[in-house]
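For the sequence shown, the residue numbers in this note's numbering are 279 to 581.
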Amino acid sequence: MIRRSIEPLKLLFVMQGSYFRRLLIPQLCLFVFSFAVYYYQTHITKTPVPLNPSVFALLGISLAIFHGFCNGAAYDRFWEGRKLWGTLVWLSRNLARQVLSLPIPCDEQQAMIRLHVAFVHCLRQQLRGEDNSHTLTRILSPDQQAVIVGKPFTCLQLTQAMGRRLADWRAAGLINDWQWQSMDETIGKIAQIQAGCERINNTPIPFAYFVLLHRTVYLYCFMLPFGLGNTIGWVTPILVTFVGYTFMALNEIVDEISEPFGVEENDLPLAMMCDIIETQLAGLSEQTFAADIRPTLPPNHVI
Numbered sequence: 279m280i281r282r283s284i285e286p287l288k289l290l291f292v293m294q295g296s297y298f299r300r301l302l303i304p305q306l307c308l309f310v311f312s313f314a315v316y317y318y319q320t321h322i323t324k325t326p327v328p329l330n331p332s333v334f335a336l337l338g339i340s341l342a343i344f345h346g347f348c349n350g351a352a353y354d355r356f357w358e359g360r361k362l363w364g365t366l367v368w369l370s371r372n373l374a375r376q377v378l379s380l381p382i383p384c385d386e387q388q389a390m391i392r393l394h395v396a397f398v399h400c401l402r403q404q405l406r407g408e409d410n411s412h413t414l415t416r417i418l419s420p421d422q423q424a425v426i427v428g429k430p431f432t433c434l435q436l437t438q439a440m441g442r443r444l445a446d447w448r449a450a451g452l453i454n455d456w457q458w459q460s461m462d463e464t465i466g467k468i469a470q471i472q473a474g475c476e477r478i479n480n481t482p483i484p485f486a487y488f489v490l491l492h493r494t495v496y497l498y499c500f501m502l503p504f505g506l507g508n509t510i511g512w513v514t515p516i517l518v519t520f521v522g523y524t525f526m527a528l529n530e531i532v533d534e535i536s537e538p539f540g541v542e543e544n545d546l547p548l549a550m551m552c553d554i555i556e557t558q559l560a561g562l563s564e565q566t567f568a569a570d571i572r573p574t575l576p577p578n579h580v581i
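Okay, here's the thing in structure tokens:
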């Protein structure tokens with residue numbers, strides 16, 4: 279994971295992860311609206327709106343509780359995705375250890391490693407809706423490409439190919455039944471990781487939650503000036519904008535981390551974890567893969 283160590287004072291001014299640019303237009307609209315309400319109440323009509331600020335305190339508490347529920351549900355999905363990919367990193371290393379410790383030809387070991395590295399990258403691309411053709415051609419051997427490339431359900435094809443190669447080793451007497459069972463169990467756990475990721479990716483948080491949350495937040499923020507204009511005076515636009523920024527930014531966080539396999543700032547760094555697996559397994563098996571066409575950008579994750 280990527281960790282950023284920032285001094286507490288600098289956190290007040292850092293832009294990354296603040297959603298400032300994304301929320302600039304809504305915040306400007308809220309500030310102008312709040313100022314207009316304040317000015318209209320205090321300088322034109324000079325008639326206070328009969329809204330007690332304590333009502334907004336009660337509404338704010340209720341909104342915060344609902345917001346906490348949605349944020350908790352979103353973070354559960356994010357953290358489960360992180361645990362699944364952490365387990366995949368461990369299983370990748372374990373599979374490499376099992377394969378490379380067997381008394382079998384080196385080319386057979388490398389072929390199995392290639393299948394697994396291709397699987398890891400293809401799983402990332404499947405979760406992100408990306409094309410995997412370049413991954414297959416740069417990692418797999420020509421014989422493996424003939425079996426895998428162009429067929430549907432690439433990740434399933436790769437795990438199936440790993441299982442077939444394992445069965446061939448057993449039939450040829452290269453491994454015994456205990457070794458076959460142990461490695462087949464590892465491949466089964468890898469397939470289970472894929473199923474877990476697909477479950478998260480294909481089962482979003484109910485859309486009604488987001489609709490209700492967004493509507494409630496915006497309605498609350500644009501009603502707030504009516505209750506504060508005659509109480510705190512010219513500070514109303516500033517305070518309302520600050521409260522609005524807090525709730526709206528939390529909305530953006532919930533939207534982002536509820537889909538943990540995307541490519542936004544706070545999503546899981548899947549490409550980095552895939553690169554770690556590829557580098558380590560290629561080094562252990564003493565082989566190299568063709569360069570990836572994916573641009574190597576500096577890490578931009580806030581985790």
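C-beta atoms are modelled at their ideal positions from N, C-alpha and C, and glycine is treated no differently.
Predicted model only: the values in this text are computed from it and were never measured.
A contact between stretches requires three or more CB pairs, one per stretch, nearer than 8 Å, and the segment 356-372 fails this requirement with the segment 488-496.
In this structure, the straight-line span from the alpha carbon of Ala549 to that of Gln472 is close to 16 Å. For Asp455, the enclosing alpha helix (DSSP H) covers residues Asp455 to Asn480. Pro538: not part of any alpha helix (DSSP H); DSSP gives it neither H nor E. CA-CA distance, Tyr316 to Leu528, rounds to 26 Å.
Counted as a single uninterrupted DSSP element, the alpha helix (DSSP H) harbouring Tyr317 occupies residues Leu302 to Tyr317.
Your pair Leu559 and Val395 checks out as a contact, with CB atoms roughly 6 Å apart and the cut at 8 Å.
The straight-line gap separating the alpha-carbon atoms of Ala342 and Thr320 is approximately 30 Å. If you draw a straight line from the Cα of Trp458 to the Cα of Gly441, it is about 10 Å long. In the structure shown, Ala450 adopts coil according to DSSP, grouped into three states. Contact between the segment 411-418 and the segment 379-396 is established, with three or more Cβ pairs separated by less than 8 Å.
The shortest CA-to-CA distance from Ser296 to any of Pro547, Met501 and Phe525 is the one to Phe525.
As the crow flies, the alpha-carbon of Arg402 is around 22 Å from that of Gln565. Asn410 and Thr437 have their C-alpha atoms spaced approximately 15 Å apart.
Around the beta carbon of Arg299, fewer than 16 other beta carbons sit within 10 angstroms, so the residue counts as exposed. Around the beta-carbon of Arg355, 16 or more other beta-carbon atoms lie within 10 Å, marking it buried. Of the residues Trp447, Cys475 and Gly474, the one whose Cα lies closest to the Cα of Asp462 is Trp447.
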